[in-house]
Amino acid sequence: MKRIFLLLIFSSFTLGIGILAPTMQTEPRLTLYDGDYTEVMNLLFPEEFKTSSFSIIEGIQHMWGAGSKGIAALIFGFSIVFPVLKLLILWMATLKLSEEKCPGRSLKIVEKLGKFSMVDVFVISVLIVTVKGLPGGSQIHADWGLYVFAVSVVLSIIAGFMLAHRAHERELLDAKGK
Amino acid sequence: MKNLLSLSVPIGLILCGAGMTALFTSKEPEQEEAVKIEESTIDESATYYVFVSEIEVFNKALDDDNDEDDWDDDDDAPDVFYEIKYQGKKIFESPQRDNTFIANWRGITLPVALKDLTSMIKGDVNINVDFEQIVNASRVKGDSEITLHMYDHDNVTFSDNIGELTINIADLKEGTNVMQNSNRGENSGWKQIEIKVVKREGSVKDFLLPLLREMNNEH
Numbered sequence: 091m092k093r094i095f096l097l098l099i100f101s102s103f104t105l106g107i108g109i110l111a112p113t114m115q116t117e118p119r120l121t122l123y124d125g126d127y128t129e130v131m132n133l134l135f136p137e138e139f140k141t142s143s144f145s146i147i148e149g150i151q152h153m154w155g156a157g158s159k160g161i162a163a164l165i166f167g168f169s170i171v172f173p174v175l176k177l178l179i180l181w182m183a184t185l186k187l188s189e190e191k192c193p194g195r196s197l198k199i200v201e202k203l204g205k206f207s208m209v210d211v212f213v214i215s216v217l218i219v220t221v222k223g224l225p226g227g228s229q230i231h232a233d234w235g236l237y238v239f240a241v242s243v244v245l246s247i248i249a250g251f252m253l254a255h256r257a258h259e260r261e262l263l264d265a266k267g268k
Numbered sequence: 006m007k008n009l010l011s012l013s014v015p016i017g018l019i020l021c022g023a024g025m026t027a028l029f030t031s032k033e034p035e036q037e038e039a040v041k042i043e044e045s046t047i048d049e050s051a052t053y054y055v056f057v058s059e060i061e062v063f064n065k066a067l068d069d070d071n072d073e074d075d076w077d078d079d080d081d082a083p084d085v086f087y088e089i090k091y092q093g094k095k096i097f098e099s100p101q102r103d104n105t106f107i108a109n110w111r112g113i114t115l116p117v118a119l120k121d122l123t124s125m126i127k128g129d130v131n132i133n134v135d136f137e138q139i140v141n142a143s144r145v146k147g148d149s150e151i152t153l154h155m156y157d158h159d160n161v162t163f164s165d166n167i168g169e170l171t172i173n174i175a176d177l178k179e180g181t182n183v184m185q186n187s188n189r190g191e192n193s194g195w196k197q198i199e200i201k202v203v204k205r206e207g208s209v210k211d212f213l214l215p216l217l218r219e220m221n222n223e224h
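Chains as they are written, first to last, in our numbering: chain A, 91 to 268; chain B, 6 to 224.
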């Protein structure tokens with residue numbers, strides 16, 4: 091059980107980091123048919139042409155502010171609400187199991203949530219791939235926050251699998267006891 | 006109740022991770038760029054590019070019946086251009102701006118040289134463009150005294166004199182210098198002048214940067 095708790099502790103901590111750390115980096119460029127004018131534009135419009143990083147939270151704020159409230163809400167749901175809820179439910183189920191109780195409903199929820207695992211990372215990845223090829227050669231790169239976020243999701247998946255395995259063992263023991 | 010309380014552990018860890026990230030990634034106030042034009046005094050031994058970015062002239066046509074009061078014979082607004090003279094010799098003449106009471110100029114001809122400008126900034130020396138040709142400014146020393154002559158171009162007769170101004174470069178500052186004239190007189194048909202002074206640094210990039218910024222500030 092200690093391993094599952096440890097995994098959940100690391101997963102929670104890295105989730106917190108992943109939400110606020112820079113997830114993607116935008117690099118504005120201007121490449122025309124006859125050459126690369128990025129440096130000239132950098133000199134002319136330094137504010138507009140500087141490289142900037144966005145965390146998940148900042149990305150959501152920008153989208154909300156830009157009027158894409160639906161997408162902002164979707165990303166907020168899948169990238170923040172969903173992983174936090176998943177961790178809380180896993181934590182509850184692990185606690186029940188550690189007290190030698192059957193996790194019951196919590197485990198069923200965890201198994202259902204497992205189907206949506208990595209969907210949060212997937213949403214961000216799709217976003218990056220979608221806007222990667224901006225006109226004029228501007229680029230978007232994944233930043234370190236995305237990898238930390240992915241680690242958090244992977245750790246919670248492993249914790250979920252281990253928990254399910256332990257819960258089945260517990261059920262088998264209970265069945266034998268009866 | 007006990008289980009709910011225990012939920013504070015993962016929530017606390019998430020907040021702890023987020024808090025630490027916010028602490029370490031908080032954006033520091035951006036440093037002032039080293040190349041930004043400051044309102045510095047003129048170094049008398051240095052070379053400067055001086056150009057007029059704007060001349061605003063008085064509307065002389067107070068009485069349409071009197072040709073003496075019109076800038077142009079055909080009731081058009083003046084066709085403004087200026088000359089910069091050093092020790093009585095013309096060192097720069099601006100392009101003409103037709104039919105306007107507010108004439109503007111840039112210190113650099115960007116559209117022609119955009120591609121070459123990129124090459125120059127990148128340090129590509131194998132280009133067939135004389136960099137000085139894309140600069141629309143006079144080149145003077147910091148201790149010079151120049152005379153600015155402003156005219157309304159006339160195709161038929163001599164150009165009308167809008168005004169004349171003697172300027173000590175040392176009295177100016179780097180960047181934009183605004184001069185105003187409230188008294189319209191025989192030799193002062195101008196209302197406001199903006200003179201830009203840009204130090205000519207060693208490298209092309211150092212030189213281009215302030216000029217481009219000056220140009221950008223005009224927008």
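C-beta: ideal position from N, C-alpha, C; glycine also.
When DSSP states are grouped into helix, strand and coil, E98 (chain B) belongs to the strand group. In the three-state scheme derived from DSSP, where H, G and I count as helix and E and B as strand, R111 (chain B) is classed as coil.
Of all residues in the stretch 102-113 of chain A, those with a C-beta nearer than 9 Å to a C-beta of chain B are S102, F103, T104, L105, G106, I107, G108, I109, L110, A111, P112, reading in chain order. Between H154 (chain B) and E88 (chain B), the C-beta gap is smaller than 7 Å, which places the two residues in contact. The beta carbon of L178 (chain A) sits closer than 7 Å to some beta carbon of chain B. In the DSSP assignment, no residue is bridged to N104 (chain B).
The shortest CA-to-CA distance from P100 (chain B) to any of B:F56, B:G93, B:A82 is the one to B:F56. At a cut-off of 7 Å between beta carbons, L185 (chain A) contacts chain B. As computed with DSSP, Y87 (chain B) is found in a beta bridge with B:M155.
Contact between L105 (chain A) and L177 (chain A) holds: their C-beta atoms lie close to 7 Å from each other, under 8 Å. The beta-carbon of W181 (chain A) is placed less than 7 Å from the nearest beta-carbon of chain B. The criterion of a C-beta distance shorter than 7 Å is satisfied by A51 (chain B) and G147 (chain B). Contact between P83 (chain B) and I167 (chain B) holds, with the beta-carbon distance rounding to 7 Å and staying under 8 Å. Nearest CB-CB separation between L28 (chain B) and chain A: not below the 7 Å threshold. L120 (chain A): not part of any alpha helix (DSSP H); DSSP gives it neither H nor E. Scanning A:L120, A:I94, A:V174, A:P112 for the CA closest to the CA of S13 (chain B) turns up A:V174. Taking C-alpha positions only, V85 (chain B) is separated from S142 (chain A) by approximately 44 Å. Collapsing the DSSP output to three states places Y127 (chain A) in coil. Look at S31 (chain B): its C-beta is not under 7 Å from any C-beta on chain A. In the three-state scheme derived from DSSP, where H, G and I count as helix and E and B as strand, E189 (chain A) is classed as coil. Assigned with DSSP and collapsed to three states, Q92 (chain B) falls in coil, not helix or strand.
With a beta-carbon spacing of about 5 Å, S228 (chain A) and P118 (chain A) fall inside the 8 Å limit used to define contacts.
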